[in-house]
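Residue numbering for the sequence shown follows my numbering, starting at 813 and increasing by one per position. Single-structure report; data block below.
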Amino acid sequence: MPDGYLLLVFIVLCALAFDFINGFHDTANAIATVVSTRVMTPRTAIMMAAVLNFVGALISTKVATTIAKGIADPRNVTDTVVLAAVIGAIVWNVITWKFGIPSSSSHALIGGLCGAAVIHAGPGIIYIEGVIHKVIIPMVLSPVFGFGIGFILMALIYTWLADVHPGKVGSLFRHLQVISAGAMAFNHGLNDAQKSMGIITLALVTQGLLVKPEVPIWVVIACATAMALGTSAGGWRIIRTMGHQIIRLEPVHGFAAETSASITIFLASHMGMPVSTTHVISGSIVGVGAAKRINAVRWTTAQRMVIAWVLTLPMAAAIAAMTYALLRILITP
């Protein structure tokens, strides 16, 4: 097998490893609220999330296409750039998982791709307009939308059910939260699993195995499977942060947060925007908490998360850039 194909196989394996890590790193996005409110047991919630992550990943490839051709010029990207991008994202994901910080796997991968590509061919290789419109603006606005929808939905629930006995409210939303958690898991697969699909497709284009950056079906199935397996492994550190350290959640709050996040992520996926499900669900939880009362939110935890979000793109880019420089030394004869 030629060296180029060996490198391609390694890239595919690393991309699937990233999807696996994304699965257990971002498990909390879908199930933290439903577990923390004791509506579902952790094992049941994780199995549900794994299945729906898989199903969601099969539905669309719009986000994958954005990754494959909307961030950097695929004609000037090499296999080494792609490999360095994936390694940079994996390293940053592992670091943030270790400290229980719900950072964005999506932005880690995009940051890694930008960092490695710039070191390889200079800033001109990056589609600045595409990054701004497809990454930066959604990165800022998606948690704001999640916050806003969560705040409004929770305020409406308080208004509509003000005279209903709390026991009846809790019973109603314990059932509804199963549906909202399922929707969140589905939308996580719909958006997040496509990041690795895009990376593998980009690698196939650089090898000349694909003429256009269109995602092959085997790539879709492989990435969906890897994310589902990762989700089944769970990510308990981040689940604790998301489910307990932002606000004290009841089933009604979990339903409102998951529904708000699902709406936001679905719309972004439909437009091919690789948003962070972590950012969106976190913003939704904060919005729901703020609707309850401002001091219900543990703002120190929220502040830590925002710092991690801001650092993700540049840190993943820096790690990927250093990785690319090292790989170029090791791979170049």
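The beta-carbon is built from N, C-alpha and C at its ideal position, and this holds for glycine as well. These figures come from a predicted structure and were not determined experimentally.
- Rounded to the nearest whole angstrom, the C-alpha separation of Y939 and N888 is 12 Å.
- Remark: fewer than three beta-carbon pairs, one from each stretch, lie closer than 8 Å, so the stretch 853-867 and the stretch 887-902 are not flagged as touching.
- Taking the Cα of M860 as reference, the smallest distance to any Cα among G942, I902, S1044 and N999 is reached at S1044.
- I843 and A1073 have their C-alpha atoms spaced approximately 12 Å apart.
- In this structure G900 is in contact with A928, their Cβ atoms being roughly 7 Å apart against a cut-off of 8 Å.
- Here I938 carries a strand assignment [DSSP, helix/strand/coil].
- Put simply, the stretch 995-1009 touches the stretch 1088-1101. At least three CB pairs are less than 8 Å apart.
- Rounded to the nearest angstrom, the gap between the Cα atoms of L1014 and T908 is 26 Å.
- The Cβ neighbour count for V990, taken over all protein chains shown within 10 Å, is at least 16; the residue is labelled buried.
- Bounds of the alpha helix (DSSP H) holding T1037 are I1029 to A1045.
- Looking at the DSSP output, A967 bridges to nothing.
- The three-state secondary structure of A974, taken from DSSP, is coil.
- Of the residues V1031, K1104 and L921, the one whose Cα lies closest to the Cα of T971 is K1104.
- S983 and V846 have their C-alpha atoms spaced approximately 14 Å apart.
- One Cα belongs to G924, the other to R1140, and the distance between them is close to 16 Å.
- Residues of the same chain with a CB within less than 6 Å of the CB of L921, apart from the 5 flanking positions on each side, are A901 and K1007 in chain order.
- With distances taken between CA atoms, G958 lies nearest to G1101 out of A1128, P1126 and G1101.
- Taking C-alpha positions only, Q1019 is separated from P1028 by approximately 15 Å.
- Exposure of H945 is indicated by the presence of fewer than 16 other C-beta atoms within 10 angstroms of its C-beta.
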